[in-house]
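Participant: So that we are looking at the same thing, I have put the structure below in structure tokens.
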Amino acid sequence: MARLDDHLPADVPDTALKRALTTPLLYFFILGDVLGAGVYVLVGQVAADAGGAVWVPLLVALLLAMLTAASYAELATKYPRAGGASHYATRAFGPFAGFVAGFCMLAAGIVSVAALARGFAGDYLSAFVTLPVGLVAVVFLLLLALVNLRGIRESTRANVVATLVEVGGLVVIVVLGAWLLLRGDGDAGRLVQLGTAEKGATAAVLSGSVLAYYSFVGFETSVNVAEETRDPRRSYPRALFGALATAGAVYVLVGIAASVAVPTSRLASSSGPLLEVVEAAGGVPTRLFSAIALVAVANGALLTGIMSSRLAYGMARDGLLPAPLARVLPERRTPWVAIAVTSLLAMLLALTGSVATLASTLVLLLLVVFLMVNTAVLVLRRDPGEADHFRAPTLLPVLGIGSCVLLATQIEAEVWLRGLLVVAVGVVLAAAGAVRRGRHGDGAGQAGRTDPGSRHPADPAR
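Numbered as in the working numbering, the sequence shown ends at 523 without a single skipped number.
And the structure:
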């Protein structure tokens, strides 16, 4: 088989990524990213807001996530390039908006990786060994960077194994919930209990859906590896919607099992709600489940790290970040500078402990990005692209815009202040970049807007 390098034109020999992802690998990439560490702590928080019927806000959140996923499916198949939301916003609104979108995604991704590193070094690991959190976080992030450098195929193969472990752990929870119900120790009546002392049913579902929505974010990272996917126009929609549907089904079943197995008040007060199910059912060692949780955390961090490095690479190639970030290893074709820089920033955040104050802004930053993506779909309809790309019904991105606004109204004011501060930094940096481009007159940042819908020249031989 011919090597990828043999098909590279002379003007892009050092910046093309290797197309190595098949549909199954992409499916597991998305599924592993969505089924991250959040589900192991999220159920209790949803129960506190919505009541015993945890499955209802989980189902609503899935439907809301599908709206924005449809927009991503259209844009990723129309423009299969690393850079994702930043690339789409650049095409639709210019480099200023592209930088803001990319900066929000980068900020969210890097903080997420740092938070997961600290989570890996915390209570779950202490079930086996006690080590300094900072040391564990740094070593953990270094190992993830090395796996990322190894290559997208190796990273996603590791993800397949980790995702199977994650799903296996959640299946155990579902089985334990069913067993508790069959032996008469569960309470199915909690499955229809919506609302709390402070909130009626409608308000409880809406509030719980905001929290549940957190568990579905992660699908957006997959667009940054569309350029490394074989035949993305065919593979990407199948992998995306299939993975989201699978994750939604698993979440709903886990919510049902947790509600049946554990009283709502106990579920709501626990920082490890799924461990409550394990303890209530018996028969499964809690240390085993802690090990599964560690795998989930590590897998989520690996996939988010892949997204962050590919996003930085794509923005650099579009002229929105310094050009060295677009450098790739000659043999591996992985963006080594972007991996090194994003990993270093995650290490600094993990060591300073500022992750805790920024973590709650992640979803707000992503809602800003999702709003831009849903709007970009409509704006870019003026560009027909190639005839075979996925096209979402117009109503879906419109509803996606509405869902972003609705969810944003449910976020607390103090989180808005922190999120707007991050966005403001991105706006200032974008303005500085615009001034720099104006002075040089080099049109940087327009690369992403040329040759709409074209395939990347580095498609390998089949």
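Think of the CB as a built atom: it goes at the ideal place given N, C-alpha and C, for glycine as much as any other residue. The model shown is predicted, which means the values in this text are computed figures rather than measured ones.
Going by the beta-carbon positions, is the gap between Leu128 and Asn360 smaller than 9 Å?
Facilitator: For this step, residue 128 is matched to residue 67 along the sequence shown. For this step, residue 360 is matched to residue 299 along the sequence shown. Cβ atoms of Leu128 and Asn360: not closer than 9 Å.
Participant: At the level of alpha carbons, what is the spacing between Val221 and Arg211?
Facilitator: The residue labelled residue 221 in the question sits at position 160 within the sequence shown. The residue labelled residue 211 in the question sits at position 150 within the sequence shown. Their Cα atoms are separated by approximately 16 Å.
Participant: Ordered along the chain, which non-local residues of its own chain (more than five positions away) have a Cβ less than 6 Å from that of Ala162?
Facilitator: The sequence position of residue 162 within the sequence shown is 101, counting from 1. Only Ala146, Ser147, Ala150, Val430, Met433 meet the Cβ criterion.
Participant: According to DSSP, is Thr455 part of a helix, a strand, or is it coil?
Facilitator: What you label residue 455 is simply residue 394 of the sequence shown in a count that begins at 1. Coil at Thr455, not helix or strand.
Participant: Nearest to Ser464 by CA position, among Leu427, Val489, Leu478, is which residue?
Facilitator: In the sequence shown, counting from the first residue as 1, residue 464 sits at position 403. Per the Cα distances, Leu427.
Participant: Would you say the region 256 to 266 touches the region 356 to 376, given that touching needs at least three Cβ pairs under 8 Å?
Facilitator: These segments do not touch.
Participant: Tell whether a beta-carbon distance below 9 Å holds between Arg206 and Ile400.
Facilitator: Within the sequence shown, residue 206 is the residue found at index 145, counting from 1. Within the sequence shown, residue 400 is the residue found at index 339, counting from 1. The question names Arg, but residue 206 in the sequence shown is Ala. Judged by beta-carbon spacing, Ile400 lies within the 9 Å limit of Ala206, meaning their Cβ atoms are closer than that value.
Participant: Might you give, ordered along the chain, the residues of its own chain that have their beta carbon closer than 6 Å to the beta carbon of Ala411, omitting 5 neighbours on each side?
Facilitator: Taking the sequence shown and counting its residues from 1, one reaches residue 411 at position 350. Hits under 6 Å: Ala175, Ala178, Arg179, Ala198.
Participant: Can you list, in chain order, the residues of its chain with a C-beta nearer than 6 Å to that of Met408? Leave out the 5 residues immediately preceding and following it.
Facilitator: By one-based count along the sequence shown, residue 408 stands at place 347. If we look at Met408 and ignore the five residues flanking it on each side, its Cβ neighbours are Val199, Leu202.
Participant: Rounded to the nearest angstrom, what separates Val488 and Phe157 at their Cα positions?
Facilitator: Position 427 of the sequence shown, counting from 1, holds the residue named residue 488. Position 96 of the sequence shown, counting from 1, holds the residue named residue 157. For Val488 and Phe157, the distance between alpha carbons rounds to 8 Å.
Participant: At the level of alpha carbons, what is the spacing between Val121 and Val315?
Facilitator: Counted from its first residue, the sequence shown places residue 121 at position 60. Counted from its first residue, the sequence shown places residue 315 at position 254. Each residue's Cα considered, the two are about 15 Å apart.
Participant: May I have a chain-ordered list of the beta strand (DSSP E) segments no shorter than 3 residues that lie completely inside the region 154 to 199?
Facilitator: none
Participant: In whole angstroms, what is the alpha-carbon distance linking Arg348 and Val104?
Facilitator: The sequence position of residue 348 within the sequence shown is 287, counting from 1. The sequence position of residue 104 within the sequence shown is 43, counting from 1. Each residue's CA atom was taken as its position, placing Arg348 and Val104 some 20 Å apart.
Participant: Let's test the definition: count the other Cβ atoms within 10 Å of the Cβ of Ala137 and tell me whether it reaches 16, buried, or not, exposed.
Facilitator: The residue you call residue 137 lines up with position 76 of the sequence shown. Buried.
Participant: Taking Ser471 as the reference, give the member of Phe154, Tyr275, Val228, Val95 with the closest Cα.
Facilitator: If you number the sequence shown from 1, residue 471 lands on position 410. According to the sequence displayed, residue 471 carries Gln and not Ser. Considering only alpha carbons, the answer is Tyr275.
Participant: At which residues does the alpha helix (DSSP H) containing Asp379 begin and terminate?
Facilitator: As a working mapping, residue 379 is identified with position 318 in the sequence shown. Bounds of any alpha helix (DSSP H) do not take in Asp379, whose DSSP letter is neither H nor E.
Participant: Along the chain, where does the alpha helix (DSSP H) containing Lys139 start, and where does it finish?
Facilitator: As a first step, residue 139 must be located in the sequence shown, where it is residue number 78. Unbroken alpha helix (DSSP H) run through Lys139: 116 to 139.
Participant: At what residue ranges does the region 271 to 334 contain a whole run of the alpha helix (DSSP H), taking only runs of 4 or more?
Facilitator: 293 to 322, 325 to 330
Participant: So, is Asp246 buried or exposed, given that buried needs 16 or more other C-beta atoms within 10 angstroms?
Facilitator: Within the sequence shown, the letter at position 185 stands for residue 246. Exposed, since its Cβ has fewer than 16 Cβ neighbours within 10 Å.
Participant: Can you tell which of Thr83, Val476, Gly238 has its C-alpha closest to the C-alpha of Ala36?
Facilitator: With the chain covering only 62 through 523, there is no way to say anything about residue 36.
Participant: If I measure Cβ to Cβ from Leu119 and keep anything under 6 Å in the same chain, skipping five residues before and after, which residues do I get?
Facilitator: Taking the first residue of the sequence shown as position 1, residue 119 is located at position 58. Cβ neighbours of Leu119 beyond the five flanking positions: Ala273, Tyr312, Val313, Gly316.
Participant: How close, in whole Å, do the beta carbons of Gly113 and Thr325 come, if the pair is a contact with beta carbons under 8 Å?
Facilitator: In the sequence shown, residue 113 corresponds to position 52, counting from 1. In the sequence shown, residue 325 corresponds to position 264, counting from 1. About 4 Å separates the two Cβ atoms, so the contact holds.
Participant: Have a look at Trp477 and Leu125 and give me their C-alpha separation to the nearest angstrom.
Facilitator: Within the sequence shown, residue 477 is the residue found at index 416, counting from 1. Within the sequence shown, residue 125 is the residue found at index 64, counting from 1. If you take the alpha carbons of Trp477 and Leu125, they lie about 21 Å apart.
Participant: How would you write the range of the alpha helix (DSSP H) that Gly93 sits in, first residue to last?
Facilitator: Here residue 93 corresponds to residue number 32 of the sequence shown, with the count starting at 1. Per DSSP, Gly93 belongs to the alpha helix (DSSP H) from 84 to 95.
Participant: Near Gly155, which residues of its chain fall below 6 Å by C-beta distance, leaving aside the five closest residues on each side in sequence?
Facilitator: Within the sequence shown, residue 155 is the residue found at index 94, counting from 1. Same-chain partners within the cutoff: there are none.
Participant: Starting from the N-terminal side, write out each stretch of the beta strand (DSSP E) that is 3 residues or longer and does not extend beyond the region 351 to 402.
Facilitator: Entirely contained in the region 351 to 402, not one beta strand (DSSP E) run reaches 3 residues.
Participant: How close, in whole Å, do the beta carbons of Leu355 and Ala373 come, if the pair is a contact with beta carbons under 8 Å?
Facilitator: Numbered from its first residue, the sequence shown carries residue 355 at position 294. Numbered from its first residue, the sequence shown carries residue 373 at position 312. No, Leu355 and Ala373 are not in contact; Cβ-Cβ is about 27 Å, not under 8 Å.
Participant: Once DSSP output is grouped into helix, strand and coil, what is the label at Gln106?
Facilitator: Taking the sequence shown and counting its residues from 1, the one referred to as residue 106 is at position 45. The answer is helix: DSSP assigns Gln106 an H, G or I state.
Participant: I'd like the list of long-range same chain contacts for Val284, defined as Cβ closer than 6 Å, with 5 residues on each side in sequence excluded.
Facilitator: As a working note, residue 284 is residue 223 in the sequence shown. Taken in chain order, the residues that qualify are Tyr133, Ala137, Gly145.
Participant: Alpha carbon to alpha carbon, what distance is there between Ala300 and Gly343?
Facilitator: Sequence index remark: in the sequence shown, residue 343 carries index 282 (1-based). Sequence index remark: in the sequence shown, residue 300 carries index 239 (1-based). When rounded, the distance between both Cα atoms is 36 Å.
Participant: Of the choices Asp110, Leu92, Tyr140, whose alpha-carbon is the least far from that of Arg442?
Facilitator: Position 381 of the sequence shown, counted from the first residue, corresponds to residue 442. Nearest of Asp110, Leu92, Tyr140 to Arg442, Cα basis: Tyr140.
Participant: Give the straight-line distance between the Cα atoms of Val208 and Ala352, rounded to the nearest whole angstrom.
Facilitator: Within the sequence shown, the letter at position 147 stands for residue 208. Within the sequence shown, the letter at position 291 stands for residue 352. Those two C-alpha atoms are separated by around 20 Å.
Participant: Can you give the Cα-Cα distance for Phe89 and Ala304, rounded to whole angstroms?
Facilitator: Counting from one through the sequence shown, the residue named residue 89 turns up at place 28. Counting from one through the sequence shown, the residue named residue 304 turns up at place 243. Their Cα atoms are separated by approximately 7 Å.
Participant: In terms of alpha-carbon separation, which member of Val95, Ala308, Val107 lies closest to Ser330?
Facilitator: Counting from one through the sequence shown, the residue named residue 330 turns up at place 269. Among Val95, Ala308, Val107, the Cα nearest to that of Ser330 belongs to Val107.
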